[in-house]
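In this text, residue positions in the sequence shown follow the numbering used here: the first is 257, and each later residue adds one.
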Amino acid sequence: MKQLRQRAIRDLLGQRPIRTQQELAAALRERGFRTTQATISRDVADLGLIKVAHDGVVAYAIPPRLVEAETTGEERLRKLLPDLPFELHEAGLLLVLRTLPGSAHAIAAALDRARWPEVAGSIAGDDTLFVACPDRGSLQRVKRRLLRLGEGS
Numbered sequence: 257m258k259q260l261r262q263r264a265i266r267d268l269l270g271q272r273p274i275r276t277q278q279e280l281a282a283a284l285r286e287r288g289f290r291t292t293q294a295t296i297s298r299d300v301a302d303l304g305l306i307k308v309a310h311d312g313v314v315a316y317a318i319p320p321r322l323v324e325a326e327t328t329g330e331e332r333l334r335k336l337l338p339d340l341p342f343e344l345h346e347a348g349l350l351l352v353l354r355t356l357p358g359s360a361h362a363i364a365a366a367l368d369r370a371r372w373p374e375v376a377g378s379i380a381g382d383d384t385l386f387v388a389c390p391d392r393g394s395l396q397r398v399k400r401r402l403l404r405l406g407e408g409s
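1) Given a cut-off of 7 Å, decide if Ala315 and Ile265 are closer than it, judged by their beta-carbon atoms.
2) Can you pull the DSSP bridge partners for His345?
3) Could you check how far apart the C-beta atoms of Ala365 and Leu385 are, in whole angstroms? I think they sit under 8 Å.
4) Considering only the beta carbon of each residue, do Gly329 and Pro319 sit closer than 7 Å?
5) Report, in whole angstroms, the separation of the C-beta atoms of Leu351 and Lys307, which I expect to be a contact under 8 Å.
6) Using three-state DSSP, classify Ile306 as helix, strand or coil.
7) Can you grab the Cα-Cα spacing for the pair Pro215 / Ala380, in whole Å?
8) Tell me whether Gly408 sits in a helix, a strand or coil according to DSSP, three-state version.
9) Enumerate in chain order the residues of its own chain whose CB-to-CB distance from Ala317 is below 6 Å, with the five nearest sequence positions on each side excluded.
10) Helix or strand or just coil, what does DSSP make of Ile363?
11) As a quick exercise: from Gln396, Glu407, Asp368, pick the residue whose alpha carbon is nearest that of Phe342.
12) Look at the Cβ atom of Val387, then the Cβ atom of Ser394, and state whether they are nearer than 7 Å.
13) Which runs of the alpha helix (DSSP H) fall wholly inside the stretch 263-309 and span at least 4 residues, in chain order?
14) When you compare each of Ala376, Leu333, Leu402 to Ala362 by their alpha carbons, which one comes out closest?
15) Could you compute how far the alpha carbon of Glu324 sits from the alpha carbon of Asp311?
16) When the Cα of Leu427 is compared with those of Phe289, Gly348, Thr291, Ala283, which residue comes out closest?
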């Protein structure tokens, strides 16, 4: 739950200015998360959030070093996928990725680190990865992106 909540926080900060922890708690409640002030405070500390001024508004932001980490996940996918044969199949709002034994976890870790907003979460076994998407449009975008990365594009 913590990981999902913190992913939602990163997503919210990318969408609109959040000035206070109370605003953050309210925005999380709108997304179905039940949180306390203490939980929000710990999440802010865990994520290393900073406050920056933009257009006269001081709001929480993700530090540049963490934004770079997001790029690192995408780069890892860019390096992994062209070298690993994989198949993608749709199952409802899940993408099922089948690859070589022992490879699914590495792909899932890179995908999680990339923090694509269209990905609600992933579960990896030995050679199979489930990628959950919140809606059909997100699923199609993720599928296209993975296939493109697999082609080395």
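All C-beta atoms in this analysis are idealised placements derived from N, C-alpha and C, irrespective of residue type, glycine included.
This is what the structure holds:
1) no
2) Val352
3) That belief does not hold up - the Cβ atoms of Ala365 and Leu385 are roughly 10 Å apart, past 8 Å.
4) no
5) With a Cβ gap of about 37 Å, Leu351 and Lys307 do not count as contacting.
6) strand
7) Residue 215 lies beyond the residue range present for the chain, which begins at 257 and ends at 409; the question has no answer from this structure.
8) Coil at Gly408, not helix or strand.
9) Ile306, Val308
10) Annotated three-state conformation of Ile363 is helix, per DSSP.
11) Phe342 has its Cα closest to that of Glu407, out of Gln396, Glu407, Asp368.
12) no
13) 277-286, 293-303
14) Leu333
15) Residue confidence is low: Glu324 scores 49 on pLDDT, short of 50, so the model does not pin down where it sits. Its coordinate-derived value is still stated next. Distance between the alpha carbons of Glu324 and Asp311 is about 23 Å.
16) Within the shown structure, residues of the chain are numbered from 257 to 409, placing residue 427 beyond reach of any answer.
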